[in-house]
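For the sequence shown, our numbering gives the first residue as 11, with consecutive numbering after it. For every residue, glycine included, the Cβ atom is placed at its ideal position computed from N, Cα and C. Report on one structure; see the data block that follows.
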Amino acid sequence: MSVNNIFVAFATGPPPSQVSQRSDHPVERSMIAPQTKKLQTNKFYANFFLGSQASATFTHPYSVAWAKGSGILKSYGLAISHIERSQVAFGPGDPVQYLINPIGIQSITLSASELNITTQLTMDSLDAFSANVNLLPRVGAPPAITFPLVQGMGFVTAVYSGSTPRVESSISFTKITYLGRVASGSTYKYQAKLADGTSWNVYVTTSQSGYPVNSFTLTGVRVLQGAPGFQGFIQVAKVPLSGSTDAETVYDEAAGAYPVAATISGSVSGTAGTYNLAWTKQGVANRTLLMFALPHHVQSLASGTVTDIKLQTTTKGITTGVVGDSWTLTEPNLPIDIGFAPWSPTHGSVDKVSAAATRLINEAGESELSQDMGAQSNLNSMYYSGKALAKFAAIIYAVHDVGDNATLAISGLEKLKTAFNVFVRNEQILPLMYESSWGGAVSSGTYQTGDSGLDFGNTYYNDHHFHYGYFVYAAAVIGYLDPSWLDAGSNKAWVNMLVRDYSNSVTDDAYFPFSRSFDWYHGHSWAKGLFESGDGKDEESSSEDTLSTYAIKMWGRTINDKSLEARGNLMLAIQARSLHNYFLYTSDNTIQPANFIGNKVSGIS
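Laid out in structure tokens, this is it:
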């Protein structure tokens, strides 16, 4: 199978009419500027618009957080942190039970003299890979600083709009050196030595005539103060502690340009898949971007110039600096031969078993399919309801294709269709509704009870790929065994709504955001929705993450949507690489600490 574009719409239009609509949500979006694209709920930057707005965001290798009056300096700028492995605290045991990366370290803070207790943080341009954070001196004022945050960005960049720049450190500066203009153009360099022994490069870029870029002055030991009225941007990057011979050269040549957004494209040909990340660049046009690649990127990278700049991340091993305005990444082993049948890497698909095994399958199937599917599935939880329907779908498939018992399977299938139809009609205990504030299909439970944690936080966009993936898988089995079911009523439209909610393929859908759950930079999904989290987003369940993608693949196969099936195959291949690097450990894993991989799995991270 060859598909030139895996990111095409598989469905458009509003959700089915039986799914009621409303325009409000318990989580307000008051700090987010209006935008045409539907808002992302599960992406890396969500802490900036949730709760206190002061919890960390992890761009990797850096983390950033609104200082919001905290720390020694009581700053209101954006605090930047980078954690070395030597700073990690390990739990007891062998292997150690856990590891903890410290948070709240304000190594460098980019701020302005105009920012104080009246400062407001707003956001705009929320996309799958990026967002802008704006710091306003007071409510309604224009931003003093805008921070374009992009996953893997090589520098943390602060764009100033006429304010007075301050480069701060709660650790304290021991030495500031002005090194003049770098490369060519309008970018100037300072090097900052900190009391913890680290070095950070500070780059000042401006086309503003007469601005004294060489006059940033150290005030005390914690503030590097610039002149007022600055129009331009400041970038900071940490110098690797060791191992890099070309960090200074690479940083100097890349400084002056910064990413503000990213787009993704992808294609599949046979067992090989390719995806391309391309960044929208601002600043000095003739500079090439420096971006940081995670280990699974480096393993599959087919373009870009790999440097020897390496910086530790909190949970994803060591990042590598790559110079390039875009990356092309390849996955050579797509799981195209995986279908509904049991499958293993050594035996492939197994759809024929011994006579004894066939007899046991049918005996078990007869017992299981005699149960009350409706009672087991019509619950006050989309998660547990979906699990029940998927369980019965798997049993019916096994009886039909492996047990070769069409009579028993069709009998069970009719019961499954009846149970599934309760949800298509939206007559379950807690019906779904479409809310347009954020843009998604959510449980009505929290609206009814006020309990944000009901059904694992479904109304707040927690775990949608877990919950809805089970329904999509069950529907794929039903449609495989009875193709006429797909076009009956709104069956297909209802299932497509679920897929659009958690794994939409396009960025211009009027109802759902692009790829809510799956993160194309990290190579896996995030479970946490509209809840502030001091540790950032979490994966929570790699197995259910994978199942939700497998469901997409099989639904695409069932409805004969080649692009959808191909996208599922590529996502599965990326997940296999990502999960084995970061979550599921073999003894030769070199990504995570050696004293931790004996646990074999990461837990929630």
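Relative to the C-alpha of TYR483, which candidate in GLY467, GLY460 and LEU508 has its C-alpha closest? Put simply, of GLY467, GLY460 and LEU508 the residue whose alpha carbon is nearest the alpha carbon of TYR483 is LEU508.
Does any residue of chain D bring its CB to less than 7 angstroms from the CB of GLU373? Protein chain content of the structure displayed is limited to a single chain, and chain D is not contained in it.
For the alpha helix (DSSP H) containing LYS427, list its first residue and its last residue. Unbroken alpha helix (DSSP H) run through LYS427: 416-434.
One question on the structure: do ILE90 and ALA99 come within less than 7 angstroms of each other, judged by their Cβ atoms? No.
PHE528 and SER513: beta carbons closer than 7 angstroms? PHE528 places its beta carbon less than 7 angstroms from that of SER513.
Just the Cα atoms here: how many angstroms apart are PHE165 and GLY533? The C-alpha of PHE165 lies about 22 angstroms from the C-alpha of GLY533.
Drop a sphere of 10 angstroms on the beta-carbon of ASN15, count the other beta-carbons inside from all chains shown, and report buried for 16 or more, exposed for fewer. ASN15 is classed as exposed because its beta carbon has fewer than 16 other beta carbons within 10 Å across all chains shown.
Since LEU300 sits in a beta bridge, which residues does DSSP pair it with? For LEU300, which the question treats as bridged, DSSP gives the partners VAL333.
Going by DSSP, name the residue or residues bridged to SER91. For SER91, which the question treats as bridged, DSSP gives the partners SER73.
Just checking, does the segment 135-148 make contact with the segment 47-60 on the three C-beta pairs under 8 angstroms criterion? Flag = yes, the segment 135-148 and the segment 47-60 touch.
Are PRO269 and VAL106 closer than 7 angstroms when you measure CB to CB? With a cutoff of 7 angstroms on beta-carbon distance, PRO269 and VAL106 are scored as not near each other.
Alpha carbon to alpha carbon, what distance is there between VAL505 and ALA408? Here the alpha carbon of ALA408 sits roughly 22 angstroms from the alpha carbon of VAL505.
To test your reading of the DSSP string, which unbroken alpha helix (DSSP H) runs of 4 or more residues are found completely within the segment 486-557? DSSP runs (the alpha helix (DSSP H)) wholly in the segment 486-557: 501-513.
Which residues bound the alpha helix (DSSP H) around GLN201? Counting along the chain, GLN201 falls outside any alpha helix (DSSP H), though it belongs to the beta strand (DSSP E) covering 197-204.
Below 8 angstroms on the Cβ atoms is my contact criterion, and I expect ASN286 with TRP337 to pass it. Report the Cβ-Cβ distance as a whole number of Å. Indeed they touch by this definition, with Cβ atoms about 7 angstroms apart.
Mapping the DSSP letters down to three states, classify SER354 as helix, strand or coil. SER354 falls in the strand class under three-state DSSP.
Measuring CB atoms only, is the segment 457-473 touching the segment 383-396, in the sense that at least three cross pairs come out at less than 8 angstroms? A contact exists between the segment 457-473 and the segment 383-396.
GLY276 bridges to which residues according to DSSP? GLY276 is bridged by DSSP to TYR285.
Are there 16 or more other CB atoms within 10 angstroms of the CB of GLU445, so buried, or fewer, so exposed? Result: buried.
Let me make sure I understand the geometry here. Which of TYR170, SER173, PRO250 and GLY220 has the alpha-carbon closest to that of GLY207? It is PRO250 whose Cα lies nearest to the Cα of GLY207.
N-terminal and C-terminal residue of the beta strand (DSSP E) that GLN97 is part of: If you look at GLN97, you'll find it isn't in any beta strand (DSSP E); DSSP assigns it neither H nor E.
Taking the straight line between their C-alpha atoms, what separation do you get for SER454 and GLY114? Each residue's alpha carbon lies about 36 angstroms from the other.
On the criterion of 16 or more Cβ atoms from any shown chain inside 10 Å, does LEU370 qualify as buried, or is it exposed? With fewer than 16 Cβ atoms within 10 Å of its Cβ, LEU370 is classed as exposed.
Determine the burial state of GLN45: buried for a count of at least 16 other Cβ atoms within 10 Å of its Cβ, exposed for fewer. Sixteen is the threshold: since fewer than 16 other Cβ atoms of the shown chains lie within 10 Å of the Cβ of GLN45, the residue is exposed.
Within a Cβ cutoff of 6 angstroms, which residues of the same chain sit near VAL169, ignoring the five residues on either side of it in sequence? So the qualifying residues of the chain are THR156 and PHE243.
DSSP has ILE82 in a bridge; who is on the other side? When DSSP reads this structure, ILE82 sits in no beta bridge, so it has no partner.
Looking only at its chain, what residues have a beta carbon closer than 6 angstroms to the beta carbon of GLY327, apart from the 5 residues adjacent to it on each side? Excluding residues within five positions, the ones whose Cβ falls inside 6 angstroms are PRO305 and ILE601.
By DSSP's criteria, GLN322 is part of a beta bridge. Which residues make up the other side? Per DSSP, ILE328.
Determine contact between the segment 556-565 and the segment 577-584, defined as no fewer than three beta-carbon pairs at a distance below 8 angstroms. By the Cβ criterion, the segment 556-565 is in contact with the segment 577-584, since at least three pairs of Cβ atoms, one from each stretch, lie closer than 8 angstroms.
Under a three-way DSSP split, which group does GLU376 fall into? Three-state DSSP puts GLU376 in a helix.
Would you say the segment 356-368 touches the segment 419-427, given that touching needs at least three Cβ pairs under 8 angstroms? No, the segment 356-368 does not touch the segment 419-427.
Name the DSSP bridge partner or partners of PHE240? Answer is SER173.
Tell me the rounded alpha-carbon separation between GLY162 and LEU83. Near 28 angstroms, if we compare the C-alpha coordinates of LEU83 and GLY162.
Cβ contact (3+ pairs, closer than 8 angstroms) linking the segment 253-266 and the segment 115-124: Judged by Cβ distances under 8 angstroms, the segment 253-266 makes no contact with the segment 115-124, as fewer than three pairs qualify.
Excluding the five sequence neighbours on either side, which residues of its own chain have a C-beta within less than 7 angstroms of the C-beta of LYS397, listed in chain order? Answer for LYS397: TYR480, listed in chain order.
Can you tell me the Cβ-Cβ gap for ALA151 and THR119, rounded? I've got them flagged as a contact below 8 angstroms. Contact between ALA151 and THR119 is absent: CB atoms are separated by about 20 angstroms, not below the 8 angstroms threshold.
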